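All remarks here apply to the structure that follows.
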Amino acid sequence: MSSSSSTPYSPSAYYLERGELIKQGAEAKVYSLPSLFPPPKIYYPSSPSSSSSTSTPNRDGVIIKHRFPKKYRHPTLDTSLTSSRLIFEARSLARAAKYGVVVPRVLWVDDRGGCIGLERVEGWSVREVLGGGAEGEMELQEEEEEEVELYMPSSQTGEGERDVQGEGEVEEGNEGWERLKGLGVGRDHLMRSIGSALAKLHLTTIIHGDLTTSNMMIRLTPDSKTQPYEIVLIDFGLSSTAQFPENYAVDLYVLERAFASTHPRSEKLYAGVLEAYARGLGEKKWKPIEIKLKEVRKRGRKRDMTG
Amino acid sequence: MESYTLPSFPPEYSTIHICLFENVRNSPEIKKRLITAATTKGEEGDKLRAEVDFGFLEGDVLVSKEHLLTSILTTLLYSFPSTSNSAGVDIPNIEPLSISSSSKPKPKTRTHNLHSELLLSLSPNNNITDSIRRHGISDTTTNLVVVKFTGPHTNQESVYQSIADVVQGNLVGWDQIQKKTDWGRVDKIYKLSELNSLKSSTTPDEILNKKISAVVSAVGIKNVI
Ligand SMILES: Nc1ncnc2c1ncn2[C@@H]1O[C@H](COP(=O)(O)OP(=O)(O)OP(=O)(O)O)[C@@H](O)[C@H]1O
Ligand SMILES: [Mg+2]
Numbered sequence: 005m006s007s008s009s010s011t012p013y014s015p016s017a018y019y020l021e022r023g024e025l026i027k028q029g030a031e032a033k034v035y036s037l038p039s040l041f042p043p044p045k046i047y048y049p050s051s052p053s054s055s056s057s058t059s060t061p062n063r064d065g066v067i068i069k070h071r072f073p074k075k076y077r078h079p080t081l082d083t084s085l086t087s088s089r090l091i092f093e094a095r096s097l098a099r100a101a102k103y104g105v106v107v108p109r110v111l112w113v114d115d116r117g118g119c120i121g122l123e124r125v126e127g128w129s130v131r132e133v134l135g136g137g138a139e140g141e142m143e144l145q146e147e148e149e150e151e152v153e154l155y156m157p158s159s160q161t162g163e164g165e166r167d168v169q170g171e172g173e174v175e176e177g178n179e180g181w182e183r184l185k186g187l188g189v190g191r192d193h194l195m196r197s198i199g200s201a202l203a204k205l206h207l208t209t210i211i212h213g214d215l216t217t218s219n220m221m222i223r224l225t226p227d228s229k230t231q232p233y234e235i236v237l238i239d240f241g242l243s244s245t246a247q248f249p250e251n252y253a254v255d256l257y258v259l260e261r262a263f264a265s266t267h268p269r270s271e272k273l274y275a276g277v278l279e280a281y282a283r284g285l286g287e288k289k290w291k292p293i294e295i296k297l298k299e300v301r302k303r304g305r306k307r308d309m310t311g
Numbered sequence: 003m004e005s006y007t008l009p010s011f012p013p014e015y016s017t018i019h020i021c022l023f024e025n026v027r028n029s030p031e032i033k034k035r036l037i038t039a040a041t042t043k044g045e046e047g048d049k050l051r052a053e054v055d056f057g058f059l060e061g062d063v064l065v066s067k068e069h070l071l072t073s074i075l076t077t078l079l080y081s082f083p084s085t086s087n088s089a090g091v092d093i094p095n096i097e098p099l100s101i102s103s104s105s106k107p108k109p110k111t112r113t114h115n116l117h118s119e120l121l122l123s124l125s126p127n128n129n130i131t132d133s134i135r136r137h138g139i140s141d142t143t144t145n146l147v148v149v150k151f152t153g154p155h156t157n158q159e160s161v162y163q164s165i166a167d168v169v170q171g172n173l174v175g176w177d178q179i180q181k182k183t184d185w186g187r188v189d190k191i192y193k194l195s196e197l198n199s200l201k202s203s204t205t206p207d208e209i210l211n212k213k214i215s216a217v218v219s220a221v222g223i224k225n226v227i
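Chains as they are written, first to last, in the numbering used here: chain A, 5 to 311; chain B, 3 to 227.
Structure follows, in structure tokens:
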């Protein structure tokens, strides 16, 4: 194909043009779309044998994440870096799903076009629910552009404007939080769910690599008899598989730091995450990780002091 | 029959028609026609091939319509891969492939055509024979899925008629697909044993959901395994 024509071609372009940009980061742009397929034309010769088939309500919203090329990198290097990150992300998500970890479904992998298409998780990030304000502080070391967070319009999610305010206590207008409260779910419960979701992930030997409260979403599960909501882990672009307890410990430490900087008042709550994590993993697997986590923390502190 | 048009792919292949039949009575005959068509040479062979130029899939090992649709995207993405990561960056409107090339673009496939490529996309490994055995029509198929790739201006009625000329069975709506799934076989194909041994706190419905997710994602990442 590349030989026949020099006009660049990417089947993802169609979606990028029509998608709604919901987040622009330093590495990727995230778009939201109602579906990867336009509504079908339905044809049944006589009357359809099952009449309900024409109008199944679609809950198939899609996220397209485009890892756009970086001009400061050599094009060939850039393409291979982008595509290998994307492939890692896709594989980790599929592997996690196979072991029962709740993650978005992978629907579209256009590695050369830099795009991955995922099931859209209808819910809120843990960050929003905990009132962490707009994403930014951690990532802004990235040279290029500023992190701008945009929000899905209410037509897409059936929700109103979300809390974009700064730090602090959970504010009014935080829909996710209100909904959880209505279901009798408090912060402690949330922390435990996060901990056990991480334990499930680590039990598959996958390391997330970028655990922050923006990379965890909360999805209500009204059909479930056992739980009112679930934690959905997203953003596996930096994931890998682990060999040593230290790898898991670093993953946890990254989240610990994210909590400290994004949700200073929730920091104490983080203990609840670790408790549930330890329980989910079991004593035997937890012990060596706990030891490493202490070491990693110490190292981290030292690094902070020396700058 | 449902027909989807995907403008992001070359027009010649951009419309996908999907049918679900139950109580199919002539699967062995269809299978035989496929083999004859593949082995007959010349004009006679072309005619036979055209008559059965569809994807014939075992319905029992599909878990949802999304499963099939994802395999269709995976097939098209493999066959018409991106040539560059410049969408929406340097050139605001990337030309669809076919506008820039005058002749009909040829899909890049590992098998004969897009229809057989679909079987491979559904398979979690790259063994073509396995994919035909597991996902293709067999003598015992009663729930049959038929897929056809065409251009966007094809008449639905005539596409359906050409399928009905081959298949003896009852066309049903796609909401029926989940009732057909043979999970024993699906578990084996996609190696889902881990999910069957999840803790007792997970309800059967939740396990089912997780399985569907695992299967869809396995097909979604097929081109990069
Ligand atoms: N599957 C999804 N469903 C719903 N929202 C999503 C989904 N994936 C991403 N998002 C939203 O888009 C935001 C950014 O996505 P993501 O975290 O994957 O990219 P990123 O942080 O820019 O990527 P990276 O850190 O790899 O550069 C998320 O915080 C979330 O709000
Ligand atoms: Mg992120």
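The beta carbon of each residue, even a glycine, is placed where N, CA and C say it ideally should be. Since the structure is predicted, the reported quantities are computational estimates derived from the model, not experimental observations.
Residue i CB to nearest heavy atom of ligand 3 below 7 Å
i: residue 239/A; result: Ligand 3 is not part of this structure, which contains only ligand 1 and ligand 2.
Short CB-CB distance (under 8 Å) between residue i and chain B
i: residue 27/A; result: no
i: residue 230/A; result: yes
i: residue 277/A; result: no
i: residue 95/A; result: yes
i: residue 114/A; result: yes
i: residue 13/A; result: yes
i: residue 245/A; result: no
i: residue 143/A; result: Model confidence at residue 143/A stands at a pLDDT of 40, short of 50, so the residue's coordinates are unreliable; what they give is reported in the following sentence. Judged by the 8 Å Cβ criterion, residue 143/A is not in contact with chain B.
i: residue 125/A; result: no
i: residue 64/A; result: yes
Cβ of residue i within 8 Å of any chain A Cβ
i: residue 11/B; result: yes
i: residue 165/B; result: no
i: residue 25/B; result: no
i: residue 196/B; result: yes
i: residue 93/B; result: With a pLDDT of 45 at residue 93/B, under the threshold of 50, the predicted position of this residue should be treated as unreliable, though the coordinate-derived value follows. Judged by the 8 Å Cβ criterion, residue 93/B is in contact with chain A.
i: residue 6/B; result: yes
i: residue 73/B; result: no
i: residue 182/B; result: no
i: residue 129/B; result: no
i: residue 102/B; result: With a pLDDT of only 47 at residue 102/B, under 50, the local geometry of the prediction cannot be trusted, and the value read off the model is given with reservation. Yes - at least one Cβ of chain A is within 8 Å of the one on residue 102/B.
i: residue 191/B; result: no
i: residue 154/B; result: no
i: residue 120/B; result: no
Residue i Cβ short of 7 Å to ligand 2 heavy atom set
i: residue 265/A; result: no
i: residue 243/A; result: no
i: residue 218/A; result: yes
CB of residue i within 8 Å of CB of residue j, strictly
i: residue 179/B; j: residue 71/B; result: no
i: residue 267/B; j: residue 54/B; result: The structure shown does not extend to residue 267/B, since chain B is modelled only from 3 through 227, so no value can be given for it.
i: residue 161/B; j: residue 57/B; result: no
i: residue 172/B; j: residue 24/B; result: yes
i: residue 103/A; j: residue 10/B; result: no
i: residue 6/B; j: residue 232/A; result: no
i: residue 122/B; j: residue 138/B; result: no
i: residue 112/A; j: residue 121/A; result: yes
i: residue 222/A; j: residue 128/A; result: yes
i: residue 62/B; j: residue 182/B; result: yes
i: residue 87/B; j: residue 83/A; result: yes
i: residue 60/B; j: residue 140/B; result: yes
i: residue 66/B; j: residue 109/A; result: no
i: residue 96/A; j: residue 64/A; result: no
Assumed close pair residue i, residue j - CB separation to whole angstroms, cut-off 8 Å
i: residue 256/A; j: residue 297/A; result: 6 Å
i: residue 218/B; j: residue 68/B; result: 6 Å
i: residue 212/A; j: residue 237/A; result: 7 Å
i: residue 133/B; j: residue 111/B; result: Actually they do not touch by this definition, with Cβ atoms about 13 Å apart.
i: residue 119/B; j: residue 77/B; result: 5 Å
i: residue 33/A; j: residue 70/A; result: 5 Å
i: residue 240/A; j: residue 123/A; result: The pair is not a contact, with the Cβ atoms about 13 Å apart (cut-off 8 Å).
i: residue 178/A; j: residue 135/A; result: 6 Å
i: residue 154/B; j: residue 16/B; result: 6 Å
Heavy atom of ligand 1 within 7 Å of residue i beta-carbon
i: residue 124/A; result: yes
i: residue 361/A; result: There is simply no residue 361/A to check, as chain A begins at 5 and stops at 311 in what is shown.
i: residue 181/B; result: no
i: residue 291/A; result: no
i: residue 235/A; result: no
i: residue 61/B; result: no
i: residue 31/A; result: yes
i: residue 13/B; result: no
i: residue 108/A; result: yes
i: residue 39/A; result: no
i: residue 160/B; result: no
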